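Engineer: Numbering (this note's numbering), first residue to last: 484 to 617. From the three backbone atoms N, C-alpha and C, an ideal C-beta is built for every residue, glycine too. Quick caveat: nothing in here was measured; it's all calculated off a predicted structure. This structure is in structure tokens; I'll ask about it shortly.
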């Protein structure tokens with residue numbers, strides 16, 4: 484007598500297709516985690532640039548206050564701009580605009596940061612303006 488191919492025991496283990504589907508789901512999940520990590524690192528760098536730009540704007544405002552409302556010397560401005568270029572990159576700029584009575588000033592810091600949604604090769608120009616009362 485011929486034995487039937489199917490016996491009364493249930494099949495044990497995993498099939499190859501089940502393993503491949505599990506590996507595919509795991510790979511997609513790991514790619515998602517890697518993408519989130521990349522965006523997080525880019526935003527950390529951008530946050531550092533914003534903090535440094537704020538620090539430079541506040542430094543200029545404090546120097547203007549300590550000068551009694553007089554503008555900064557060209558030597559001081561050149562030194563600040565040189566340091567800014569080193570810290571914020573080649574697109575950094577610093578502008579100080581005094582009002583006529585020297586009781587307030589506008590300090591403008593400009594820099595370039597990575598922005599994945601920007602049209603210009605992923606780079607976006609950012610500007611921070613601080614109105615300082617002297």
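Per DSSP, which one or two residues make a beta bridge with residue 589?
Structural biologist: Residue mapping note: residue 589 aligns to position 106 of the chain shown, counting from 1. DSSP lists 580, 614 as partners of residue 589.
Engineer: Using 8 Å as the cut-off, can you tell me whether the segment 575-583 makes contact with the segment 553-561, which would need three or more C-beta pairs spanning the two stretches below that distance?
Structural biologist: yes
Engineer: Below 8 Å, can you find three or more Cβ-Cβ pairs linking the segment 543-553 to the segment 596-609?
Structural biologist: no
Engineer: If you draw a straight line from the C-alpha of residue 612 to the C-alpha of residue 589, how long is it?
Structural biologist: Numbered from 1 along the chain shown, position 129 holds the residue referred to as residue 612. Numbered from 1 along the chain shown, position 106 holds the residue referred to as residue 589. In a straight line, the C-alpha of residue 612 is about 7 Å away from that of residue 589.
Engineer: If you follow the alpha helix (DSSP H) that residue 570 is part of, which residue opens it and which one closes it?
Structural biologist: As a position in the chain shown, residue 570 is number 87, starting the count at 1. Here the alpha helix (DSSP H) through residue 570 covers 557-571.
Engineer: Using CA coordinates, which residue listed in 503, 551, 532, 509 is at the minimum distance from residue 568?
Structural biologist: Counting from one through the chain shown, the residue named residue 568 turns up at place 85. By alpha-carbon distance to residue 568, the top candidate from 503, 551, 532, 509 is 532.
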